[in-house]
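Novice: Residue numbers (my numbering), protein chains in the order written: chain P, 1 to 346; chain L, 347 to 764.
Yeah, the Cβ is synthetic: ideal placement off N, Cα and C, and Gly gets one too.
None of these values were measured; they are calculated from a predicted model.
This structure is in structure tokens; I'll ask about it shortly.
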């Protein structure tokens with residue numbers, strides 16, 4: 001356990017890193033907006049100062065109507081994915097769990113795609129997509145959990161296999177559904193790869209309350225997650241109502257993953273990497289890990305989206321591709337290490 | 347709260363299992379505050395299952411469990427964690443925790459949902475760590491500890507629960523002698539100083555006898571012996587439930603029973619010798635296994651079906667002749683048995699009770715002894731006490747004594763045979 005003072009320092013460092021990544025993300029693009037202009041425009045928006053001299057009105061529009069909503073959405077989605085990852089890792093007692101790897105994101109995506117294809121992008125879809133995504137995520141999470149569990153633990157191998165099997169099933173169902181879609185197929189495909197493109201404050205407004213509920217529920221589960229990492233029977237001996245806790249945690253994780261998917265498609269590895277790296281900094285106590293994850297997750301996704309937007313500008317990369325390019329090697333490294341320690345234990 | 351005289355744990359006629367045949371059948375026992383009770387028995391005898399029933403992990407099918415007068419299945423997991431602390435064999439957390447974090451988890455049943463633990467919880471965790479001598483390891487990651495250190499950290503986690511009932515499932519497996527004694531001393535200290543009631547599964551009978559106030563022996567899910575160690579750890583118990591021959595001596599200094607197991611020997615190959623055993627009322631059973639182990643092909647008879655000897659002979663798959671229970675031996679069976687005896691190189695006649703029903707057995711023995719077959723008589727109990735024929739058995743027995751060698755105990759039979 002790290003000393004409280006060091007823990008506070010880590011949190012302050014993570015907060016500064018997040019603020020820095022936001023300033024950087026809104027600054028870069030076709031038009032350069034200096035952090036100084038951004039800060040002055042914030043002050044004006046908060047009615048602290050008058051409109052900053054020398055800053056064109058177009059800059060204000062780009063900042064508040066284009067870049068900031070996108071960054072905000074990336075941040076909220078980052079929070080959702082990272083906390084879902086932490087929850088699934090704790091619940092499955094497995095540091096390789098991630099909503100995308102275990103197929104929960106695909107399940108959510110299938111739900112969302114069904115609604116988009118059959119009901120179009122009207123008002124029904126605005127409410128229908130998150131609900132269908134949640135249902136898809138929930139079903140997949142329970143399915144994978146049941147398939148992967150052998151005895152007291154969910155093993156790496158069975159978890160990955162169950163995830164792959166379920167994801168393959170979902171992907172064929174998805175192809176089936178998309179074969180009915182006709183004109184929309186390109187949009188759906190782009191969305192599936194993970195996109196934060198062209199969404200305004202409305203998406204942020206839809207998804208933020210859902211994520212907030214999920215995070216609050218995750219915070220209430222943090223201590224029991226610690227006990228779960230000792231094994232289900234031990235957790236029960238220390239006072240956890242294990243079955244109820246598992247059902248609730250899977251539902252929370254599915255809600256968080258589905259919220260992310262319903263606005264941003266399938267974005268992998270954020271949920272894997274964030275808790276993993278932060279555990280090295282603040283330890284495994286989930287009560288301390290969660291605040292760090294809430295800062296680290298958005299930082300990671302805001303930066304990944306920045307790369308997606310600017311690396312090949314004016315061409316945009318899907319953000320899911322960027323996170324996979326960073327996360328894939330990271331995952332393989334962990335898998336190797338996990339395999340070695342498992343081998344050493346056996 | 348029950349007073350000090352009332353038991354902290356009552357197990358009352360508990361039957362339980364995992365579907366199919368029950369693993370624990372009608373077990374009753376109780377543990378008083380301050381008492382250390384050891385649960386002993388061979389592998390698969392239901393010890394761990396019984397502990398799981400008590401620790402709220404496996405509901406009894408029938409019977410009930412009361413901890414401090416309350417049913418653990420009728421309360422929340424949290425309330426039960428304040429009453430029952432379990433020390434599992436081992437724990438491997440999925441993530442890295444320091445020893446202090448790990449021990450603090452034992453305070454969970456007292457924490458509020460948001461609480462990181464108040465100073466009292468920290469003090470209790472420190473106390474528990476001091477009791478098990480792991481306080482110097484507080485900041486070390488649990489996965490870096492040695493086996494003995496980790497086991498003590500697990501014990502500290504359970505102590506931090508401050509429960510009046512402590513359940514231990516083989517707390518010393520894989521520990522060296524020093525750490526074993528350390529762990530058991532801590533457990534004794536808890537019982538004596540804090541009045542904790544302890545129920546512990548222990549494999550090593552000598553340690554169990556030295557540690558526990560009382561022992562309960564389980565065999566095939568049933569209690570087969572219960573009481574102070576010296577009344578439970580006996581050569582008979584070792585033979586009957588572990589199936590081993592061992593001497594139990596009383597240690598001169600401690601007065602405790604001490605089990606001496608003979609050095610393991612390679613089982614002798616069958617040497618083509620035949621022995622015939624005349625038993626009854628269970629007197630022959632111990633010899634059946636022993637003679638087989640000594641390399642004899644053993645036959646038995648005439649037996650009365652359902653008699654212990656008949657059951658054991660059947661289990662050991664011996665050549666045998668038997669007649670229905672409580673019936674007299676008919677001429678055909680006698681002839682069949684005579685054929686078996688004729689092929690035998692050795693006859694052992696046990697000190698069974700003899701009545702009209704099995705008197706023929708003695709006549710068969712005399713016949714064979716007269717024909718020159720080596721004959722041994724087991725005579726732990728004199729014939730007068732087991733003659734139910736009004737003197738006819740005594741007469742035959744006396745005749746046999748002249749023809750045979752008399753062994754005053756099972757040990758002597760084994761020696762004479764060898």
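With distance defined between alpha-carbon atoms, name the residue in 157/P, 99/P and 118/P nearest to residue 134/P.
Specialist: The residue you call residue 134/P lines up with position 134 of the first chain. It is 99/P.
Novice: Evaluate residue 239/P with the Cβ neighbour count: other Cβ atoms within 10 Å of its Cβ, from every protein chain shown; 16 or more gives buried, anything less gives exposed.
Specialist: Residue 239/P sits at position 239 when you count from the first residue of the first chain. With 16 or more Cβ atoms within 10 Å of its Cβ, residue 239/P is classed as buried.
Novice: Report the three-state DSSP secondary structure of residue 382/L (helix, strand or coil).
Specialist: For the purposes of this step, residue 382/L is taken as the residue at position 36 of the second chain. Residue 382/L: strand per DSSP, three-state reduction.
Novice: Name the residues in the stretch 278-304 of chain P whose C-beta lies less than 8 Å from a C-beta of chain C; which are they?
Specialist: Among the chains of the structure shown, chain C does not appear; the protein chains present are P and L.
Novice: Just to confirm, is the Cβ distance from residue 355/L to residue 504/L under 9 Å?
Specialist: Counting from one through the second chain, the residue named residue 355/L turns up at place 9. Counting from one through the second chain, the residue named residue 504/L turns up at place 158. Taking 9 Å as the Cβ cut-off, residue 355/L and residue 504/L do not qualify as a contacting pair.
Novice: What number of angstroms, rounded off, separates the C-alpha of residue 342/P from the C-alpha of residue 532/L?
Specialist: Counted from its first residue, the first chain places residue 342/P at position 342. Counted from its first residue, the second chain places residue 532/L at position 186. Confidence in residue 342/P is poor, its pLDDT being 43 and thus under 50, which makes the residue's placement too unreliable to answer from.
Novice: Under 8 Å between beta-carbons, which chain P residues line up against residue 451/L? List them in chain order, please.
Specialist: For the purposes of this step, residue 451/L is taken as the residue at position 105 of the second chain. Those are 226, 227, 230 and 238, listed as they occur along chain P.
Novice: For chain P, is any of its Cβ atoms less than 9 Å away from the one on residue 547/L?
Specialist: Reading the second chain from its first residue, position 201 is the one you call residue 547/L. Cβ-Cβ to chain P under 9 Å: no for residue 547/L.
Novice: With DSSP collapsed to three states, give me the class of residue 93/P.
Specialist: Position 93 of the first chain, counting from 1, holds the residue named residue 93/P. Reduced to three states, the DSSP call for residue 93/P is coil.
Novice: Could you tell me the boundaries of the alpha helix (DSSP H) in which residue 20/P lies?
Specialist: In the first chain, residue 20/P corresponds to position 20, counting from 1. Residue 20/P -> alpha helix (DSSP H) spans 4-27.
Novice: Starting from residue 642/L, follow the beta strand (DSSP E) in both directions and report where the run begins and ends.
Specialist: If you number the second chain from 1, residue 642/L lands on position 296. 642-650 is the span of the beta strand (DSSP E), which, as asked, contains residue 642/L.
Novice: So which of 71/P, 65/P, 68/P and 36/P has the shortest CA-CA distance to residue 54/P?
Specialist: By 1-based counting over the first chain, the position of residue 54/P is 54. Nearest of 71/P, 65/P, 68/P and 36/P to residue 54/P, Cα basis: 36/P.
Novice: Looking at the unbroken alpha helix (DSSP H) that takes in residue 458/L, where does it start and where does it end?
Specialist: Taking the first residue of the second chain as 1, we reach residue 458/L at position 112. Segment: none, residue 458/L is in no alpha helix (DSSP H) and carries neither H nor E.
Novice: I'd like to know whether the C-beta of residue 215/P is nearer than 9 Å to at least one C-beta of chain L.
Specialist: Looking up residue 215/P in the first chain gives position 215. Taking Cβ atoms only, chain L never reaches closer than 9 Å to residue 215/P, which makes this a no.
Novice: Taking all protein chains shown into account, decide if residue 353/L is buried (16 or more other Cβ within 10 angstroms of its Cβ) or exposed.
Specialist: In the second chain, counting from the first residue as 1, residue 353/L sits at position 7. Buried.
Novice: Taking the alpha-carbon positions, what's the residue 520/L to residue 699/L distance?
Specialist: The residue given as residue 520/L occupies position 174 in the second chain. The residue given as residue 699/L occupies position 353 in the second chain. If you take the alpha carbons of residue 520/L and residue 699/L, they lie about 48 Å apart.
Novice: Any Cβ of chain L within less than 9 Å of the Cβ of residue 90/P?
Specialist: Residue numbering aside, residue 90/P sits at position 90 when the first chain is read from its first letter. Output row for residue 90/P: interface = yes.
Novice: Mind checking which residues open and close the beta strand (DSSP E) that includes residue 101/P?
Specialist: Taking the first chain and counting its residues from 1, the one referred to as residue 101/P is at position 101. Element bounds for residue 101/P: n/a, residue is neither H nor E.
Novice: If you check the beta carbons only, do residue 485/L and residue 446/L fall under 9 Å apart?
Specialist: Residue numbering aside, residue 485/L sits at position 139 when the second chain is read from its first letter. Residue numbering aside, residue 446/L sits at position 100 when the second chain is read from its first letter. Their beta carbons are under 9 Å apart, which means residue 485/L touches residue 446/L by this criterion.
Novice: Output yes if chain L places a C-beta closer than 9 Å to the C-beta of residue 242/P; else output no.
Specialist: Taking the first residue of the first chain as 1, we reach residue 242/P at position 242. It does; some Cβ of chain L falls within 9 Å.
Novice: Could you give the uninterrupted runs of the alpha helix (DSSP H) lying entirely in the stretch 256-314 of chain P, keeping only those of 4 residues or more?
Specialist: Qualifying alpha helix (DSSP H) stretches, in chain order: 270-282 and 286-310.
Novice: What are the boundary residues of the alpha helix (DSSP H) that residue 401/L is part of?
Specialist: In the second chain, the residue the question calls residue 401/L occupies position 55. No alpha helix (DSSP H) holds residue 401/L; DSSP gives it neither H nor E.
Novice: Please identify the residue among 322/P, 331/P, 304/P and 265/P whose C-alpha is closest to the C-alpha of residue 187/P.
Specialist: Taking the first residue of the first chain as position 1, residue 187/P is located at position 187. Ranking 322/P, 331/P, 304/P and 265/P by Cα distance to residue 187/P puts 265/P first.
Novice: Since residue 295/P and residue 279/P should fall inside the 8 Å C-beta cutoff, what is the C-beta to C-beta distance between them, to a whole number of angstroms?
Specialist: As a first step, residue 295/P is located in the first chain; it is residue number 295 there, counting from the start. As a first step, residue 279/P is located in the first chain; it is residue number 279 there, counting from the start. That belief does not hold up - the Cβ atoms of residue 295/P and residue 279/P are roughly 14 Å apart, past 8 Å.
Novice: Determine, for residue 93/P, whether the minimum Cβ-Cβ distance to residues of chain L falls below 9 Å.
Specialist: Against the first chain, residue 93/P aligns to sequence position 93. Taking Cβ atoms only, chain L reaches closer than 9 Å to residue 93/P, which makes this a yes.
Novice: Which residue comes first and which comes last in the beta strand (DSSP E) that contains residue 558/L?
Specialist: Position 212 of the second chain holds residue 558/L. Per DSSP, residue 558/L belongs to no beta strand (DSSP E) and is neither H nor E.
Novice: Is there contact here, the stretch 172-187 of chain P with the stretch 232-248 of chain P, by at least three beta-carbon pairs under 8 Å?
Specialist: Result no; under three Cβ-Cβ pairs closer than 8 Å.
Novice: Check this for me: beta carbons of residue 628/L and residue 598/L, under 9 Å apart or not?
Specialist: In the second chain, counting from the first residue as 1, residue 628/L sits at position 282. In the second chain, counting from the first residue as 1, residue 598/L sits at position 252. No, these two residues do not count as a Cβ contact at 9 Å.
Novice: Under 8 Å Cβ to Cβ from residue 302/P, same chain only, skipping five residues before and after it: list those, please.
Specialist: Indexing the first chain from 1 puts residue 302/P at position 302. The residues are 18, 21, 22, 25, 71, 74, 75 and 78.
Novice: CA-CA distance, residue 497/L and residue 436/L?
Specialist: As a position in the second chain, residue 497/L is number 151, starting the count at 1. As a position in the second chain, residue 436/L is number 90, starting the count at 1. Using only the alpha carbons, I get a separation of about 7 Å.
Novice: Let's see if you can read the secondary structure: which residues bound the alpha helix (DSSP H) around residue 531/L?
Specialist: For the purposes of this step, residue 531/L is taken as the residue at position 185 of the second chain. From DSSP, the alpha helix (DSSP H) with residue 531/L extends over 523-540.
Novice: Under DSSP, the beta strand (DSSP E) around residue 745/L begins and ends at which residues?
Specialist: For the purposes of this step, residue 745/L is identified with residue 399 of the second chain, where counting begins at 1. Looking at the DSSP string, residue 745/L is not in any beta strand (DSSP E); the run it does join, the alpha helix (DSSP H), is 738-749.
Novice: Does any residue of chain L bring its CB to less than 9 Å from the CB of residue 234/P?
Specialist: As a position in the first chain, residue 234/P is number 234, starting the count at 1. Yes, contact with chain L.
Novice: Would you call the stretch 682-699 of chain L in contact with the stretch 717-730 of chain L, where contact means no fewer than 3 C-beta pairs closer than 8 Å?
Specialist: The stretch 682-699 of chain L is in contact with the stretch 717-730 of chain L.
Novice: Between residue 333/P and chain L, is the shortest Cβ-Cβ distance under 9 Å, so that the two count as touching?
Specialist: For the purposes of this step, residue 333/P is taken as the residue at position 333 of the first chain. Chain L, which has no Cβ nearer than 9 Å to the Cβ of residue 333/P, makes this no.
Novice: For residue 401/L, which of 409/L, 514/L and 600/L has the nearest alpha-carbon?
Specialist: Working through the second chain from its first residue, we reach residue 401/L at position 55. The option with the nearest alpha carbon to residue 401/L is 514/L.
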